[in-house]
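Here the working numbering is used: the first residue of the sequence shown is 6, the next is one more, and so on.
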Amino acid sequence: MNINLKTERLFLRPLTLSDAKEFFAYRSDAETNKYQGWIPQTLDDVEAFMAKTAKQINLPDTWFQCAVIEKKSQKLVGDIGLHFIGPENKQLELGCTLDKNHQNQGYATEALARIIDFAFIDLNKHRIMASIDPNNLPSIHLVERLGFRKEAHFVKSLYIKGCWTDDLIYALLYNDWEKLSSQ
Ligand SMILES: CC(C)(COP(=O)(O)OP(=O)(O)OC[C@H]1O[C@@H](n2cnc3c(N)ncnc32)[C@H](O)[C@@H]1OP(=O)(O)O)[C@@H](O)C(=O)NCCC(=O)NCCS
């Protein structure tokens, strides 16, 4: 099973090795991605990362990487990580990164809204969650815009780049999403 979705301005499809250079160009930007645990230093790092990610969606306990393609330029403008959690595989963790030149245009909201619909309708998920650094305000605004609820603030619970970091957990249940969708 794989991913092949459309929105008004975007295509969402599996990220592949042919995307490696474009992916490296925005993912290696250490300032824009300062709240992320992994920043590639070389193209080899990207290739190793891609080799480890799942080749199809919805396999329990795997991460899958989805490419966000801008329809008008046909370019890779970002990516979405999908973590299929646990052996029962009813929960999904999402992570989103946009090239800084394509932020603040609603692309992340548009892409994630489509992925969320797909996860609840087609993949029958029960809960979708995100783990966010409390200083990462654009990410917090993004998940709140999509209707996620703040469930937890863990203190110095993640060891990232040599520092103990706080972690916010946001989540959206299928029932919450159903209510939001019918409004
Ligand atoms: C997280 C991230 C993807 C959010 O990107 P973003 O550009 O803020 O989100 P969107 O693409 O949905 O754009 C929404 C913003 O564009 C604005 N906007 C402008 N034109 C718009 C349009 N036509 N439609 C919708 N929104 C529009 C919105 O008002 C909103 O701004 P606001 O939050 O100040 O109100 C981005 O900050 C990022 O890649 N950060 C680095 C990686 C990272 O830390 N990822 C999180 C780790 S999981």
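Even for Gly, the Cβ is constructed at its ideal location relative to N, Cα and C.
As the structure is a computational prediction, the values presented were derived from the model and not from experiment.
Nearest to residue 72 by C-alpha distance, out of 66, 15, 78 and 88, is 15. Three or more pairs of CB atoms, one per stretch, sit closer than 8 angstroms, so the stretch 95-105 contacts the stretch 74-86. Contact check for residue 181 against residue 152 passes: the beta carbons are separated by less than 8 angstroms. Residue 174 has its CB no nearer than 7 angstroms to any heavy atom of ligand 1. For ligand 1, a non-hydrogen atom lies closer than 7 angstroms to the CB of residue 146. Around the beta carbon of residue 155, fewer than 16 other beta carbons lie within 10 angstroms, which makes this residue exposed. Ranked by Cα distance from residue 81, the first of 8, 62, 157 and 29 is 29. Residue 139 is positioned such that its CB atom lies closer than 8 angstroms to that of residue 173. Under the three-state reduction of DSSP output, residue 18 falls in the strand class.
Counted as a single uninterrupted DSSP element, the stretch harbouring residue 128 is not any alpha helix (DSSP H), since DSSP gives it neither H nor E.
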